[in-house]
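Student:
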Amino acid sequence: MFSPNKTGSKSGSAVTIFGLVFGAESALIEHENIRRREENILRREARLDLARRGLVGTETEIANWKAAREQAFERGRSSGG
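Residue numbers for the sequence shown follow the working numbering, beginning at -12 and rising by one.
(1) For my contact list, R34 and G41 are in at a C-beta cut-off of 8 Å; report their separation, rounded to the angstrom.
(2) Under a three-way DSSP split, which group does T45 fall into?
(3) Would DSSP call S145 helix, strand or coil?
(4) Starting from the C-beta of L29, find all residues in its chain whose C-beta is less than 8 Å away, skip the five residues before and the five after it, and write them out in chain order.
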């Protein structure tokens, strides 16, 4: 059986939980939107670069482009540049 708090009200904790859940959901949605925008920018850059080289920006080509870019970035970091 439910045992109410000292004030006899359970709505305070429900409001608190709702606020936490709503805040977490909002933060997650904002994070997903940021990631989606970043991914779209990166994919656009990949398609443009691939087109300059005469390649079609397929999923495979974009994945290869991203991998090559990441490897170049890692080489630059490890060489101190």
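A virtual CB, placed ideally from N, CA and C, is assigned to each residue, including glycine.
All of these numbers come straight from a predicted model, not from anything done at the bench.
Tutor: Per the coordinate set shown:
(1) The residue labelled residue 34 in the question sits at position 47 within the sequence shown. The residue labelled residue 41 in the question sits at position 54 within the sequence shown. About 13 Å separates the CB atoms of R34 and G41; that is not less than 8 Å, and the two are not in contact.
(2) What you label residue 45 is simply residue 58 of the sequence shown in a count that begins at 1. If DSSP states are grouped into helix, strand and coil, T45 belongs with coil.
(3) Because the chain in this structure spans residues -12 to 68, residue 145 falls outside the shown range and cannot be described.
(4) Against the sequence shown, residue 29 aligns to sequence position 42. If you ignore the 5 residues before and after L29, its C-beta comes within less than 8 Å of the C-beta of K53, all in its own chain and listed in chain order.
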